[in-house]
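A quick write-up on the structure given underneath.
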Amino acid sequence: MKILVGYDFKGADLSSFAAENCQKRGFIRREPTEEFTISDPFSYPLRLIHFYDASDRCLSTSLLDEYLFETVEDKNEKILLWRPRYARAETSDRSVETTQKTAPKPDEAVREFVKSLVASREESMERLESLNKDLKDSASLYRSIGSLLLPRSPTGIREQEDIAQKKRTVDGWVKATSLVLNLTPADRPTRVEVGERVDMEMILIIYNNLVDAGQRAMVLEGPVSDSLSDTKTSGRPLTRLLSLNKDCFRLVLEKSSLCAT
Numbered sequence: 005m006k007i008l009v010g011y012d013f014k015g016a017d018l019s020s021f022a023a024e025n026c027q028k029r030g031f032i033r034r035e036p037t038e039e040f041t042i043s044d045p046f047s048y049p050l051r052l053i054h055f056y057d058a059s060d061r062c063l064s065t066s067l068l069d070e071y072l073f074e075t076v077e078d079k080n081e082k083i084l085l086w087r088p089r090y091a092r093a094e095t096s097d098r099s100v101e102t103t104q105k106t107a108p109k110p111d112e113a114v115r116e117f118v119k120s121l122v123a124s125r126e127e128s129m130e131r132l133e134s135l136n137k138d139l140k141d142s143a144s145l146y147r148s149i150g151s152l153l154l155p156r157s158p159t160g161i162r163e164q165e166d167i168a169q170k171k172r173t174v175d176g177w178v179k180a181t182s183l184v185l186n187l188t189p190a191d192r193p194t195r196v197e198v199g200e201r202v203d204m205e206m207i208l209i210i211y212n213n214l215v216d217a218g219q220r221a222m223v224l225e226g227p228v229s230d231s232l233s234d235t236k237t238s239g240r241p242l243t244r245l246l247s248l249n250k251d252c253f254r255l256v257l258e259k260s261s262l263c264a265t
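Residue numbering for the sequence shown follows my numbering, starting at 5 and increasing by one per position.
Take a look at the structure:
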């Protein structure tokens, strides 16, 4: 099995790093309010996804979280399943211990998931074109000779502000999906190709709150990382997803072999 090259967790002072990231209270003497448990490094499956245009030119490649994509339904949470930065990572045949081997998900299931996101992006791009036209028409109306002699009505102002707000929302989704798929905002893929599975090495740190019995996760991901701080940055999408989705939290906890306490 191929694994993405990155930070080697062997020999890293994970306990000190985990302690540094504990929540604390107090001003002069900062006391931790959490205990933590650290998993051993384990492998985590991703899937290479390639995007092609109408002329069959490869527009981009990104990587999808193969382990959790079937669990996530929320539109915004789906953005957190992607690892666009890892498309430039090298791979090796170095093996990593895993406590739970999982069979690759069927290509068709992966393809349908990706195609639904691409379709959502395409719909938003078409909607954005329509809103841009509406906004331009609205602005042209108030630049006309007649409008210079008359004050703008509150209704007209609200309509223009409403169009502008809708545009910001739609434009934000186009940019977010473009970012995670490694596409430019102008790219319009027409074909999705599901590539091979590659693993990444990661560590899961579970923090248990001593005050309210709450629990949170911090994920450290090895690819394209040169330090523990880098692995924390790389793991932020999954860390965020685990804070939002209890099912994803449970599944990753099970895969890491750590027991909830």
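We put the beta carbon where it would ideally sit given N, CA and C, even for glycine.
Since this is a predicted model, take the numbers as computed values, not measurements.
> If we call anything under 8 Å between Cβ atoms a contact, is D175 one with L132?
Replying inline: In this structure, L132 lies closer than 8 Å to D175 by Cβ.
> What's the C-alpha gap between T194 and Q219?
Replying inline: CA-to-CA, the gap between T194 and Q219 works out to about 42 Å.
>> Give me, in chain order, the residues of the same chain whose beta-carbon lies closer than 8 Å to that of F40; leave out the 5 immediate sequence neighbours on both sides.
In response: Excluding sequence neighbours, F40 sits near A22, A23, C26, I209, I210, Y211, N212.
> Expressed to the nearest angstrom, what Euclidean distance is found between the alpha-carbon atoms of K28 and A221?
Replying inline: Taking the straight line joining both Cα atoms gives about 16 Å.
> So, do the region 52-60 and the region 222-237 have three or more beta carbon pairs nearer to each other than 8 Å?
Replying inline: Taking a cut-off of 8 Å for Cβ pairs, the region 52-60 and the region 222-237 do not touch, as fewer than three such pairs fall below it.
>> Run through the DSSP bridge pairs and tell me what R201 is partnered with.
In response: According to DSSP, which records beta bridges pairwise, R201 is partnered with R51.
>> Taking contact to mean 3 or more Cβ pairs, one atom from each stretch, closer than 8 Å, check whether the region 177-187 and the region 115-128 are in contact.
In response: The region 177-187, when compared against the region 115-128, does touch it at the 8 Å Cβ threshold.
>> Quick check on the burial criterion: 16 or more other C-beta atoms within 10 angstroms. Buried or exposed for T173?
In response: T173 is exposed by the Cβ-count criterion.
>> Just to confirm the assignment: which complete alpha helix (DSSP H) runs, minimum length 4, are found wholly within the region 51-117?
In response: As far as the region 51-117 is concerned, its whole alpha helix (DSSP H) runs of at least 4 residues are 79-83.
> How many angstroms separate the CA atom of Y11 from the CA atom of E112?
Replying inline: Those two C-alpha atoms are separated by around 32 Å.
> Can you list, in chain order, the residues of its chain whose CB lies under 7 Å from that of E81, leaving out five sequence neighbours each side?
Replying inline: Counting only Cβ-Cβ distances below 7 Å, and skipping sequence neighbours, we find L245, L248, N249.
> Buried or exposed: where does R31 fall if 16 or more other Cβ atoms within 10 Å of its Cβ makes it buried?
Replying inline: This sequence places Phe at residue 31; Arg is not what is there. Counting Cβ neighbours within 10 Å, F31 comes out exposed, since fewer than 16 surround it.
> Which partner residues of R195 appear in the DSSP bridge assignment?
Replying inline: Beta-bridge pairing links R195 to Y56.
> My guess is that L63 and L187 are in contact by the Cβ rule of under 8 Å, so how many angstroms apart are they, rounded?
Replying inline: The beta-carbon distance between L63 and L187, rounded to whole angstroms, is 6 Å. This is short enough to meet the 8 Å contact definition.
>> If I follow the unbroken alpha helix (DSSP H) through T41, where does it start and stop?
In response: Taken as a continuous stretch (DSSP letters only), T41 belongs to no alpha helix (DSSP H), being part of the beta strand (DSSP E) at 38-42.
>> Considering only DSSP beta bridges, list what M206 is partnered with.
In response: DSSP lists E225 as partners of M206.
>> In the DSSP output, which residue or residues are listed as bridge partners for K28?
In response: According to DSSP, which records beta bridges pairwise, K28 is partnered with P36.
> Between D2 and I7, which are expected to be in contact by the criterion C-beta below 8 Å, what is the C-beta distance as a whole number of angstroms?
Replying inline: Not covered by the structure: residue 2. The range shown for the chain is 5 to 265.
> Would you call the CB atoms of E258 and P45 closer than 8 Å?
Replying inline: It is not a contact, given that the beta carbons lie outside the stated cut-off.
>> Tell me the residue span of the alpha helix (DSSP H) that contains T159.
In response: Judged by DSSP secondary structure, T159 falls within the alpha helix (DSSP H) whose first and last residues are 158-184.
> Could you give the C-beta distance for R87 and L67, rounded to a whole number, given that I count them as a contact under 8 Å?
Replying inline: A Cβ-Cβ separation of about 4 Å places R87 in contact with L67 under the 8 Å criterion.
>> With H, G and I counted as helix, E and B as strand and the rest as coil, what does DSSP make of T265?
In response: Because the pLDDT of T265 is 43, which lies under 50, any placement of that residue in the model is unreliable, and the number read from its coordinates should be weighed accordingly. Here T265 sits in coil by DSSP.
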